[in-house]
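Heads up, the thing below is written out as structure tokens.
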Amino acid sequence: MPFGLIKYALSSSYPGKRFIAARPELKSNYDVVIIGGGGHGLATAYHLARYHGIRNVAVFEKGYIGGGNTGRNTAIIRSNYLTPEGVAFYEESVSLYRQLSQELDYNILYSERGHFTLAHTDSAMRTSRWRAEVNKHLGVDSELVYRDDLARLIPQLNLSEDVRYPILGALYHPPGAVARHDGVAWGYAGRAAELGVEIHQGTTVTDIEVTDGKVTGVVTDRGRVSCGKAVQAVAGASTVIADMAGLKLPIRTIPLQACVSQPHKPILDPIIVSGSLHVYISQSDRGEFVMGGSTDPYPRYQTTSSLDFIEGLMSHVLELLPHLSEVQVMRQWAGMTDMTPDFAPIMGETGVENYYIDAGWGTWGFKATPVCGKRMAEMVATGRVPALIAPFRLSRFENFDQVGEKGAASVGH
Amino acid sequence: MKQMNCPLNGVRNIQEFAHGGEVVDQPDPNRCSDAEWAEFVFMEANTAGVVREWWCHVATAYWFIAERDTLKDEIIRTYDAGELFKERVDFTRPEAPKET
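Residue numbers (numbering that gives the first Met the number 0), protein chains in the order written: chain R, 0 to 412; chain G, 0 to 99.
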């Protein structure tokens, strides 16, 4: 029994160090204001403070940090995308994630499991082969595997042909990983706060001041601050916040639901995804099966769960892994995703000077947290758009120059 | 189970319906600029509140209009598209680009 713990228990005041400072008073001016205290906003704040020397930064979060989609995803990290732009971007993210626990001095429980995207149709097999070749060309470890490989690599998987969608093969991505998603937000927040970044939880942004096409201030329910630059990273609320700055976005806010089972002993090492069945499943370090499915059938600004979702998802999960039939679902929840027409994110300049956007992450934002923080911070600090994120600019829509990532998204279509 | 009132078929389960997006005016493809067309194709009002949308009862391929609150997930009213569109809209075929 560690004596430190007994000392904690007997102490009248809480002797532990706060991870982030209690909410400070608002200053009148910040160099950079970041709207949204999820993983992306906090990572951007951290990179600004740590690598660009910009420490007069405020993060405004309506709820609590990591309480939005950062804590509602299924924590899968991978880089086996379809377009060269997407693969290069997510590959940098995976390389940053691999050393993120050291970088932040905080264990994010990064765990490489191997990631299988099952193919149930000829067209899915073609897309898998296409993705594997694009991936290999860009140095990402991916390959197409067939039924005999799957029988060896995932013995639990139901390879029967007497099901609605028999499995023909899979795209196998060995570096596919899971991590503790709240830990990512907390790690970035803790280190950013140490460097002087102010994190204002429970602070709602109510307006954005734009003067002569340039952002000059942000109004919150706790008062107004002026700012040199501002970044919005607010996922499902992207349209609402962008509207305050006078911007229109190609985004629909659609709920995405997920659930976890009761904990069980470790029996499923890899992450299994099926685009045709709209299922993804992995077993967490605590032994819970983490399961997600398709986005809801119509847009809403809500995070309610539905029985329809759980019924549909379970029937598909049990087709893949029938031995989970006795497993009880423990919790289900939803997050509001910001879906774009081409299934690729939006990062970069907006047309309003010094106002930057990080949105359109839909169902795929958690895996991009470190690279997004790094590159958004680079853009804010230098005023130049990094080549890696230039293809994801907002203006790609008016120029009909989209980045088609639908083939690599597991859900939402 | 969530239900929706189809103007043609009455109250049905929501799974029988497909969401078709906001009711917006289509610009004349022969006259509008590329930017206006891009706005029509890609941009979304994505309103947090009451919206007016196209919906389809899939089983009968019947398109109609629904007014819905996206914050409360409540369907306020559904009605036949004829309430909004009184006359037929015809589009002329755009001129073929000249061969070079």
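Think of the CB as a built atom: it goes at the ideal place given N, C-alpha and C, for glycine as much as any other residue. Because the structure is a prediction, the values reported are computed rather than measured.
{"Query": "His412 of chain R in three-state terms, based on DSSP", "Result": "Unreliable placement is indicated for His412 of chain R, whose pLDDT of 45 sits below 50; the coordinate value is still reported in the next sentence. Looking at His412 of chain R - three-state DSSP - the assignment turns out to be coil, as it is neither helix nor strand."}
{"Query": "Which residues DSSP lists as bridging Ile13 of chain G, in chain order", "Result": "Answer by DSSP bridge pairing: none, since Ile13 of chain G is not bridged."}
{"Query": "Any chain G beta carbon closer than 8 Å to Phe88 of chain R", "Result": "no"}
{"Query": "Reference Arg163 of chain R; option with closest CA among R:Leu319, R:Ser283, R:Asp140, R:Thr294", "Result": "R:Leu319"}
{"Query": "Beta-carbon gap between Thr349 of chain R and Ile250 of chain R smaller than 8 Å", "Result": "no"}
{"Query": "With 16 other Cβ atoms within 10 Å as the buried cut-off, status of Thr82 of chain R", "Result": "buried"}
{"Query": "Residue span of the beta strand (DSSP E) that contains Arg330 of chain R, given as start and end", "Result": "328-338"}
{"Query": "Three CB pairs or more closer than 8 Å across the segment 329-336 of chain R and the segment 252-270 of chain R", "Result": "yes"}
{"Query": "Cβ neighbours of Thr46 of chain G in the same chain (closer than 7 Å, five flanking residues each side left out)", "Result": "Thr69"}
{"Query": "Residue from G:Gly9, G:Leu7, G:Gln14 with nearest C-alpha to Lys1 of chain G", "Result": "G:Gln14"}
{"Query": "Which of helix, strand or coil DSSP assigns to Leu117 of chain R", "Result": "strand"}
{"Query": "DSSP three-state assignment for Met313 of chain R, whether helix, strand or coil", "Result": "helix"}
{"Query": "Cβ neighbours of Val57 of chain G in the same chain (closer than 8 Å, five flanking residues each side left out)", "Result": "Glu15, Phe16, Ala17"}
{"Query": "Short CB-CB distance (under 8 Å) between Val56 of chain R and chain G", "Result": "no"}
{"Query": "Residue ranges of each beta strand (DSSP E) within the segment 198-233 of chain R, 3 or longer", "Result": "204-210, 213-219, 222-231"}
{"Query": "Segments of 4+ residues assigned as alpha helix (DSSP H) that fall wholly inside the segment 82-118 of chain R", "Result": "83-97, 99-103"}
{"Query": "Gly175 of chain R beta carbon less than 8 Å from that of Ile107 of chain R", "Result": "no"}
{"Query": "Assigned exposure category for His119 of chain R - 16 Cβ within 10 Å defines buried", "Result": "buried"}
{"Query": "For Pro23 of chain R, three-class secondary structure by DSSP", "Result": "coil"}
{"Query": "Environment of Ala343 of chain R [buried if 16+ CB atoms lie within 10 Å]", "Result": "buried"}
{"Query": "Between the CA atoms of Ser27 of chain R and Thr210 of chain R - distance to the nearest angstrom", "Result": "17 Å"}
{"Query": "Nearest-angstrom Cα separation, counted from Gly81 of chain G out to Arg87 of chain G", "Result": "10 Å"}
{"Query": "The segment 39-53 of chain R contacting the segment 373-387 of chain R, beta-carbon criterion three pairs below 8 Å", "Result": "yes"}
{"Query": "For Ala241 of chain R, the first and last residue of its enclosing alpha helix (DSSP H)", "Result": "237-243"}
{"Query": "Close-in-space but distant-in-sequence residues of the same chain around Gln282 of chain R (CB under 8 Å, 5 per side omitted)", "Result": "His263, Pro265, Ile266, Leu267, Asp268, Phe288, Val289"}
{"Query": "Residues within the segment 226-246 of chain R neighbouring chain G, beta-carbon criterion of under 7 Å", "Result": "Thr238, Val239"}
{"Query": "Cβ separation of His199 of chain R and Phe18 of chain R, assumed to be a contact under 8 Å, to the nearest whole Å", "Result": "That belief does not hold up - the Cβ atoms of His199 of chain R and Phe18 of chain R are roughly 15 Å apart, past 8 Å."}
{"Query": "Beta bridge counterpart(s) of Gly40 of chain R as assigned by DSSP", "Result": "For Gly40 of chain R, which the question treats as bridged, DSSP gives no partner whatsoever."}
{"Query": "For Met378 of chain R, the first and last residue of its enclosing alpha helix (DSSP H)", "Result": "368-381"}
{"Query": "Chain R contacts made by the segment 17-45 of chain G, where a contact means CB separation under 7 Å", "Result": "His18, Ala34, Ala37, Phe41, Met42, Glu43, Asn45"}
{"Query": "Check: Thr368 of chain R C-beta below 7 Å from any heavy atom of the ligand HEM", "Result": "Looking at this structure, you won't find the ligand HEM or any other ligand, since it has none at all."}
{"Query": "Span separating the alpha-carbon of Val214 of chain R from that of Tyr300 of chain R", "Result": "27 Å"}
{"Query": "Terminal residues of the alpha helix (DSSP H) in which His180 of chain R lies", "Result": "180-193"}
{"Query": "Gly411 of chain R, buried or exposed, once every other Cβ within 10 Å from all chains shown has been counted against 16", "Result": "Only weak support exists for where Gly411 of chain R lies, its pLDDT of 48 falling under 50; the value from the coordinates is given anyway. Per the 10 Å Cβ criterion, buried."}
{"Query": "Through-space distance from Gly67 of chain R to Leu323 of chain R, alpha-carbon basis", "Result": "29 Å"}
{"Query": "Cβ-based neighbour list, Val351 of chain R, same chain, cut-off 8 Å, excluding 5 preceding and 5 following", "Result": "Val209, Gly212, Lys213, Val214, Ala244, Gly245, Leu246"}
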